[in-house]
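Structure first, then comments.
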Amino acid sequence: MTVKEVKDFLSNIQPFQELDNATLGNIAGAVIVEFYPKDTLILQQDGPPSDFLRIIKKGGVKVFIKPDVNEEVVIDYRSEGDTFGLLSLIRGDKSRANVKAVEDTVCYLVTKESIQGLLDSNASFSEYFLKSFLNKYIDKTFSEMHSKSLLYGGGDKLLFTTPVGELASRTAVTAPNEISIKDAAEVMSKRKISSLVLVDQDNLPAGIVTDRDLRDKVVSKGLNVGEPISSIMSVPLMTTEARDYCFEALLKMIRYNIHHLLVVDEGKLRGILTNHDLMMLQGTSPISVVRDIETRQNIEDLVPVSKKINRIVHLLLKEGAKAGNITRIISEINDRLVRKILEIAERKFGKPPVNYCFIVFGSEGRKEQTFKTDQDNAIIYEDPKTAGDGKKAEEYFKGFCNFVKEALVACGFPNCPAGYMASNPKWRQPLKIWKDYFSTWIHTPTPDSLLFSLIFFDFRPVQGDIKLAEKLRSYLNKTLKNQNVFFARMAGAIMNNRPPLGFFKSFIVEKSGEHKDEFNLKFRGIGPIVDIARLFALERGLSETSTLERLHELKDKHPIVMELGEEIEQAFEFISLLRIHHQIELMEKSLAPENFINPNNLSGLEKKSLKESFQLILNIQEAITELYRPGMVNQ
Amino acid sequence: MLTGFFSRKNTPASQSIGDAEYTVLDTELTGLDLKKDSIVSIGAVRMQGARIDIGASFYRLINPANGMDLTSVLIHGITPSEVEQKPSIDDVLDELSVFCGSSVVVGHFVSLDINFINKELKRTGRKNMKNAAVDTCKIYEWIKSNEGSFSRHYSARRDALDLFSLAREYNISFDEGHNALSDAFITAQLFQRFLSSLPGSGVKSIRDLLKIGKA
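Respectively, the protein sequence lines represent chains X and B. Taking the numbering used here, I'd label the letters of the first sequence as residues 29 to 663. Taking the numbering used here, I'd label the letters of the second sequence as residues 197 to 411.
So, in structure tokens, the structure goes:
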């Protein structure tokens, strides 16, 4: 029977398979069948909205947008069992993309009314459709990972799922900001609180005083307690929204090295959040590591603290953190470690003869480190005024940088085998020389110059005179303007690293050797996304270095990211998380955390998500080929 | 007074083939002898232009006036006991006429089906079906002859013109197994393919369509 045929088909595809038999029968009975010969334009961008959800029964379509008359950006290829036309159906305004049959295609059309009815009455159906398809897979995969991994313990209060408002139950005690230090201390002691919020005449928070302020600014300095409290209170106040997740608050505390945050709800002071609250939430806390780092005064004492950083990754994973959040926190902590080392170095070698900026690049530059990776750092210093000054600076930084390198090695950051470290004289140079380097790499097409560009252009400042890094960044952006040949070479490099997905959507694995049946997830999965984000970001003159930040910024600047940004972010998150999980597993077996995985060990949903992610990358790579082809041919 | 194909106005000849309404029809017969044999079942699918409307389908088993030939049981798998309880052909034809309305009737070797339907109509004192009717087999032959000079030979190859061979040629999936409705559905898909290519060959209106494929 024909209705039965349709019903059988629908019962095997998402999200119709979730529907009960009767509902499915009704849907199948109202289906319309259409046939599109190859090359038929089924939906047209900016054309009338689609009146149907189309399910591909047979054949395949290409979904693409035309940002310009001569430009075509392929968003997706869809085949049997896939659907299209939903967004414009629901919104009813216009078609968002062109859909063209790439072979003879038969579609089942489900009417707008049917879909609307299902969306209204069936939660799982609407959930499926209202999120993007990929999004759904990934969410499911996350929870699948959670349920199967032993790493995920129970625990109801979690750093990533608890809004600040829920935790900051204590109300903030306030006092007028004209009262004396003595009076303020009395209030604090009477109410047994470690912090007091001072308010102005309008009852608006003006500052905060904590136990630490009383210790550091009053007692140790012998300050007169009759002075107004406003003379020692901390301003400006750092606040966090009640709806923010605790980890956001934690990041703020780490970044500004503070222990109290005012919790604001719809503009009103709701309470106060302390690092103690966060520690109670999770037992050990990333912030305790940071505090440890802060208190150490020499390298020997720093070494044991740095060992704790790996443990934090476990902890964060256990709490269900997204990969992007884990790497952000790890980067913050590593930054602090580096700053502390530089601080110690400056004390040892004395004040530098010229201002300098310590920069990091590679994965550290992108804030995408997980476990400690090779050092990737350099120093930019102010252009010396005389040759003598130059000599002095060279002398100073030689000893300084070698000390820093050894200190980092001691703290678990191995030497960079390629020598991309400030201890290498080539990579500690005045601003002028750095500009020359960058300009040469951009204008001289050699394999080395391209490699250097890929590594160094992800630089960001960690310590010192940030302005030097900013000047170099703006010089870079200015120099890159309209360097189409350079960008085409960069695009060419991207084409050379395709995700390991074969023509028939099977994974391509190593055929032999140590990693037989495996592929390198970092190099072949994460690498292409990093490269794509870098290319677009540099081309659009952005200063962001992290892949997720770049994608975020590009959302209203680049047509491909505009259309696919969210999916790229999710693919990136997903592959990164898969990698971190894999590495943790290895470390638990006391093996070195490397990047090779065997796809056969993944669950069905993980495989599907990974394939979707790879396919997405391939589609974007194809779009990039189209965009840059003329330049790439010239290579 | 009966409605449907006995009385309604036909589809205007000037209408575009992409907008016209079609009823794709197939019957199962006790045999091919118009005098002796009769209709066992009728299946039909409605099409709105090139859109096949799965929901608008028609399928009736009929208690044949004459006894069933056992050899035909082997072909369509409908046994005498299955049809015994079914409505008579008179009732079914009334329903069919409503279902067809004024649409263009489409079928593979559809003249045969129409002849049997008309025979039954005549028997009960009613007029023949008035609907315009086109034969997918004739359309297929025309398309082939229109494609190139080789195709002159094509019409000689009668063996390749059955519905299933054409379905295979056009990559239409189907279950083997005769059933008036599933066959009508296959025919509809075949006709759908034709509708997509015909305007390119100059066949645009119902008038044109009848010129190349009138049953």
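Backbone N, C-alpha and C fix where the C-beta goes; we use that ideal spot for every residue, glycine too.
Spatially closest choice to residue i from the options, by CA coordinates
| i | options | result |
| --- | --- | --- |
| S210(B) | K410(B), I402(B), A411(B) | I402(B) |
| Y284(X) | V247(X), K336(X), R364(X) | R364(X) |
| Y218(B) | V302(B), I285(B), K326(B), F370(B) | V302(B) |
| G440(X) | E498(X), K336(X), Y465(X) | K336(X) |
| G398(B) | D222(B), T207(B), I213(B) | I213(B) |
| D230(B) | L308(B), Y366(B), P395(B), I368(B) | A small correction: the amino acid at residue 230(B) is Leu; Asp does not occupy that position in the sequence shown. Among L308(B), Y366(B), P395(B), I368(B), the Cα nearest to that of L230(B) is on L308(B). |
| P380(X) | Y424(X), K85(X), T267(X), D74(X) | Y424(X) |
| P453(X) | K460(X), S222(X), E422(X) | E422(X) |
| V134(X) | V59(X), K94(X), R375(X), Q144(X) | V59(X) |
| L195(X) | T575(X), L290(X), E567(X) | L290(X) |
| V127(X) | M449(X), F153(X), T68(X), I387(X) | T68(X) |
| L655(X) | L582(X), F564(X), I209(X) | F564(X) |
| D305(X) | T414(X), E255(X), F377(X), V192(X) | V192(X) |
| S123(X) | P527(X), S502(X), G75(X), G145(X) | G75(X) |
| R568(X) | N525(X), G53(X), R501(X) | R501(X) |
| S208(X) | K249(X), N231(X), S39(X), M261(X) | M261(X) |
Within-8 Å CB hit, residue i to chain B
| i | result |
| --- | --- |
| A351(X) | no |
| T653(X) | no |
| A56(X) | yes |
| F63(X) | yes |
| T111(X) | no |
| V31(X) | yes |
| I70(X) | no |
| V291(X) | no |
| V138(X) | no |
| V89(X) | no |
| I84(X) | no |
| V59(X) | yes |
Boundaries of the beta strand (DSSP E) in which residue i is found, first to last residue
| i | result |
| --- | --- |
| Y273(X) | Here Y273(X) belongs to no beta strand (DSSP E), and DSSP marks it neither H nor E. |
| P664(X) | Beyond the ends of chain X as shown, which are 29 and 663, falls residue 664(X); an answer cannot be given. |
| A363(B) | First-last for A363(B): 359-365, but that is the alpha helix (DSSP H), not the beta strand (DSSP E). |
| L416(B) | Residue 416(B) lies beyond the stretch modelled for chain B, which goes from 197 to 411, so this question has no answer here. |
| E594(X) | Counting along the chain, E594(X) falls outside any beta strand (DSSP E), though it belongs to the alpha helix (DSSP H) covering 587-616. |
| A234(X) | 233-238 |
| V241(B) | 235-244 |
| K296(X) | 296-302 |
| L137(X) | 133-139 |
Closer than 8 Å to chain X by CB, residue i
| i | result |
| --- | --- |
| L289(B) | no |
| L377(B) | yes |
| G251(B) | yes |
| S397(B) | no |
| H304(B) | no |
| R247(B) | yes |
| S212(B) | no |
| R403(B) | no |
| N146(B) | Residue 146(B) lies beyond the residue range present for chain B, which begins at 197 and ends at 411; the question has no answer from this structure. |
| A216(B) | no |
| N367(B) | yes |
Extent of the continuous alpha helix (DSSP H) to which residue i belongs
| i | result |
| --- | --- |
| L582(X) | 575-582 |
| L630(X) | First-last for L630(X): undefined, no H or E at that position. |
Any C-beta of chain B within less than 8 Å: which residues of the segment 123-134 of chain X qualify? For the segment 123-134 of chain X, which is checked against every Cβ of chain B, the residues closer than 8 Å are D132, V134.
Sufficient close CB pairs (3 or more, under 8 Å) joining the segment 549-558 of chain X to the segment 513-521 of chain X: Taking 8 Å as the limit for Cβ pairs, the verdict is that the segment 513-521 of chain X does not touch the segment 549-558 of chain X.
Inter-stretch contact at 8 Å, needing at least 3 Cβ pairs: the segment 482-500 of chain X / the segment 425-434 of chain X: No contact exists between the segment 482-500 of chain X and the segment 425-434 of chain X.
Using a Cβ-Cβ cut-off of less than 9 Å, list which residues of the segment 381-395 of chain B approach chain X; keep chain order. Those residues of the segment 381-395 of chain B that come within reach of chain X (Cβ to Cβ, closer than 9 Å) are F381, A384, Q385, Q388, R389, L391, S392, S393.
Taking 8 Å as the threshold, find out whether the segment 586-599 of chain X comes into contact with the segment 524-535 of chain X through three or more Cβ pairs. Short answer: they don't touch.
What residues from the segment 32-50 of chain X come within 9 Å of chain B, judged by C-beta to C-beta, listed N to C? The segment 32-50 of chain X vs chain B, Cβ under 9 Å: E33, V34.
Interface residues of the segment 325-342 of chain X facing chain B [CB-CB below 9 Å]: Residues: none.
Would you call the segment 442-451 of chain X in contact with the segment 468-475 of chain X, where contact means no fewer than 3 C-beta pairs closer than 8 Å? No, the segment 442-451 of chain X does not touch the segment 468-475 of chain X.
Against chain X: residues of the segment 306-325 of chain B by CB proximity under 7 Å: So the list is empty, because no residue satisfies the distance condition.
Is the segment 382-391 of chain B touching the segment 241-249 of chain B in the sense that three or more CB pairs, one from each, lie closer than 8 Å? Yes, since at least three Cβ pairs between the segment 241-249 of chain B and the segment 382-391 of chain B fall closer than 8 Å, the two stretches touch.
With three or more C-beta pairs closer than 8 Å as the rule, is the segment 351-360 of chain X touching the segment 406-424 of chain X? Flag = no, the segment 406-424 of chain X and the segment 351-360 of chain X do not touch.
When you check each C-beta in the segment 327-345 of chain B against every C-beta of chain X, which residues fall closer than 7 Å? Of all residues in the segment 327-345 of chain B, none places a beta-carbon less than 7 Å from a beta-carbon of chain X.
Counting pairs of Cβ atoms below 8 Å between the segment 594-607 of chain X and the segment 641-654 of chain X, do you hit three or more? At 8 Å Cβ cutoff, the stretches touch.
With a cut-off of 8 Å, do at least 3 Cβ pairs link the segment 81-91 of chain X to the segment 107-114 of chain X? The answer is yes - the segment 107-114 of chain X touches the segment 81-91 of chain X, with three or more Cβ pairs under 8 Å.
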